[in-house]
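Numbering (the working numbering), first residue to last: 36 to 287.
For every residue, glycine included, the Cβ atom is placed at its ideal position computed from N, Cα and C.
Let me begin by presenting the structure, written as structure tokens, before commenting on it.
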């Protein structure tokens, strides 16, 4: 636990073969630049590499035979990684392991993955297409269409995706996770009538970037968190808004 936490001069560590666990906060707030994770590691704990801005490479030794089964909450959050491979189909749904990774542009999967798929833009979904797990924050797209059939946007899915200015949601969507769109450059969002759950601070941004929300429903729904709209510039419910000739919503 916290083995090298806050060691400011730490740049490199060689982990021993046979290591089973990297504990919570083990390398958090260090300046480590590269880590090779032995294939025997089964668990990487809570915030193990949190706020490692200098970390550029995470290499899983003998990745096809990796024994990793657990990635803790915030495991690599706010690190400097630009690519990451999900080995052994490890479950990261709801774990926020990449939030604040503003340099992360590419996630890769095992060829044999049965848990996940990547869409044509490299956005991570569960294999059945029902959950958008993570949109890599450093992607250069300005507009993104969430796949038809998606029912859930995971917590922190678009967090700090600063290049995005527009995201289109499908009519199949039922849940928007906590901080899912926080600190993006999205100018407005249209929330489909199908959305029954919105978690806390889903759209929180800096005041200078505050987005406008257009809601197809006539009021907030029972399953929406009390502070779902915290930090939003304005909210317009039906029938108080419409689309213009170019398909852009505007208040009436």
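#1: Give the range of the beta strand (DSSP E) segment to which residue 167 is assigned.
#2: Tell me whether residue 180 sits in a helix, a strand or coil according to DSSP, three-state version.
#3: Does the pairing of the segment 146-163 with the segment 197-206 give three or more beta-carbon distances under 8 Å?
#4: Rounded to whole angstroms, what's the CA-CA distance from residue 64 to residue 116? Just pull it up for me.
#5: Alpha carbon to alpha carbon, what distance is there between residue 82 and residue 52?
#6: Where do the N-terminal and C-terminal ends of the beta strand (DSSP E) with residue 238 fall, by residue?
#7: Can you give me the Cβ contacts of residue 191 inside the same chain, cut-off strictly under 6 Å, excluding the 5 residues immediately before and after it?
#8: What are the partner residues of residue 78, as DSSP defines its beta bridges?
#9: Determine the direct distance from the alpha carbon of residue 220 to that of residue 199, and round the result to whole angstroms.
#10: Candidates 96, 86, 264, 165: which alpha carbon is nearest residue 223's?
#11: If I follow the unbroken beta strand (DSSP E) through residue 69, where does it start and stop?
Short version:
#1: Here the question's residue 167 lines up with position 132 in the chain shown. Start and end: 166-169.
#2: Translated into positions along the chain shown, residue 180 becomes position 145. In the three-state reduction of the DSSP assignment, residue 180 falls in the strand class.
#3: No, because fewer than three Cβ pairs between the segment 146-163 and the segment 197-206 fall closer than 8 Å, the two stretches do not touch.
#4: Locating residue 64 in the chain shown gives position 29, where the first residue counts as 1. Locating residue 116 in the chain shown gives position 81, where the first residue counts as 1. Rounded to the nearest whole angstrom, the C-alpha separation of residue 64 and residue 116 is 14 Å.
#5: Working through the chain shown from its first residue, we reach residue 52 at position 17. Working through the chain shown from its first residue, we reach residue 82 at position 47. Put simply, the backbone Cα of residue 52 is about 22 Å away from that of residue 82.
#6: On the chain shown, position 203 is the one that residue 238 refers to. In the DSSP assignment, residue 238 falls outside any beta strand (DSSP E) and carries neither an H nor an E.
#7: Locating residue 191 in the chain shown gives position 156, counting from the first residue. Closer than 6 Å at Cβ, skipping near neighbours: 131, 134, 214.
#8: Looking up residue 78 in the chain shown gives position 43. The partner list for residue 78 (beta bridge, DSSP) reads 56, 105.
#9: Against the chain shown, residue 199 aligns to sequence position 164. Against the chain shown, residue 220 aligns to sequence position 185. So the alpha carbons of these two residues sit roughly 6 Å apart.
#10: As a position in the chain shown, residue 223 is number 188, starting the count at 1. Residue 223 has its Cα closest to that of 264, out of 96, 86, 264, 165.
#11: Here residue 69 refers to the residue found at position 34 of the chain shown. Its beta strand (DSSP E) spans residues 69-72.
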